[in-house]
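FYI, in my numbering the residues of the sequence shown are 7 to 106.
Glycine included, each C-beta is placed from N, C-alpha and C at the ideal position.
Please read all numbers here as calculations on a predicted model, not as lab measurements.
Heads up: the structure comes next, in structure tokens.
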Amino acid sequence: MIVEFEAELWEWDARPGESWVFVSLPPEPSEEIHELTAGTRRGFGSVRVRAQIGTTAWRTSIFPGSDGAYVLPLKKAVRTARRLSIGDRATVTIELVDTP
Numbered sequence: 007m008i009v010e011f012e013a014e015l016w017e018w019d020a021r022p023g024e025s026w027v028f029v030s031l032p033p034e035p036s037e038e039i040h041e042l043t044a045g046t047r048r049g050f051g052s053v054r055v056r057a058q059i060g061t062t063a064w065r066t067s068i069f070p071g072s073d074g075a076y077v078l079p080l081k082k083a084v085r086t087a088r089r090l091s092i093g094d095r096a097t098v099t100i101e102l103v104d105t106p
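Below, the structure written as structure tokens:
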């Protein structure tokens, strides 16, 4: 499954200043991912993905957020490479890895 979406970068307010920055997946793909990965999710409900913003690609995991939508962490190297800051919008592509 491949999902492309546009989202705003936000900082996890439970750890401000520690550079925990995320984008939230839209609700509909999040629901589909939840159904597709039932029984195969890893720790904390994570799902392994390949992610890409522009020409920058990396492997990571998405995690279920408190509102039910999955969230994708954006490490500093990605934000630096794409010149992104909290509040910016980015077009993101994710591809699920290791799913049935």
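Assignment of residue 32 by DSSP, reduced to helix, strand and coil, places it in the coil class.
Of the other Cβ atoms in all chains shown, 16 or more fall within 10 Å of the Cβ of residue 53; this residue is therefore buried. Taking all protein chains shown into account, residue 85 has 16 or more neighbouring C-beta atoms within 10 Å of its C-beta and is therefore buried.
In this structure, the straight-line span from the alpha carbon of residue 73 to that of residue 34 is close to 12 angstroms. Under the three-state reduction of DSSP output, residue 100 falls in the strand class. Spatial neighbours of residue 82 in its own chain (CB-CB distance under 6 angstroms, excluding positions within 5 residues in sequence) are listed in chain order as 25. In this chain, the beta strand (DSSP E) harbouring residue 13 covers 8-14.
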